[in-house]
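Please read the structure below before turning to the comments.
Numbering (the numbering used here), first residue to last: 164 to 248.
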């Protein structure tokens, strides 16, 4: 069974930091978050991101969200979801 937790910008700083540390250490399998999580994080063991309403983001935002190739043998798999007009 997957271990799931949530992180968002309305959380107290210490609480959000604890959630992120647990995710990085592998104590959480699935992290559900708002885009506030995007800034400055490099999490090599994260390999998939699902972006709801990707049509509301610019290309630079999506590029930032998907992360970067980190030199590890990790394959990053961004998935963008949008609603039809």
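Glycine included, every Cβ here is placed at the ideal spot set by N, Cα and C.
ask   = Does any heavy atom of the ligand FAD sit closer than 7 Å to the C-beta of residue 168?
value = This structure lacks the ligand FAD; in fact it carries no ligand of any kind.
query = With C-beta atoms as the reference, is residue 168 less than 8 Å away from residue 182?
reply = As a first step, residue 168 must be located in the chain shown, where it is residue number 5. As a first step, residue 182 must be located in the chain shown, where it is residue number 19. Yes, they are a contact pair.
ask   = Given a threshold of 16 other Cβ atoms within 10 Å of its Cβ, counted over all protein chains shown, does residue 170 qualify as buried or as exposed?
value = By one-based count along the chain shown, residue 170 stands at place 7. Its Cβ being crowded by 16 or more others within 10 Å, residue 170 is buried.
query = How many Å lie between residue 226 and residue 214 at the Cα?
reply = For the purposes of this step, residue 226 is identified with residue 63 of the chain shown, where counting begins at 1. For the purposes of this step, residue 214 is identified with residue 51 of the chain shown, where counting begins at 1. For residue 226 and residue 214, the distance between alpha carbons rounds to 12 Å.
ask   = If you run the structure through DSSP and keep just helix, strand and coil, what is residue 198?
value = Counted from its first residue, the chain shown places residue 198 at position 35. Three-state DSSP puts residue 198 in a helix.
inquiry  = Here's the rule I'm using: 16 or more other beta-carbon atoms within 10 Å means buried, otherwise exposed. How should residue 194 be labelled?
reply    = On the chain shown, residue 194 is found 31 positions in, with the first residue counted as 1. Buried, by the Cβ-count rule.
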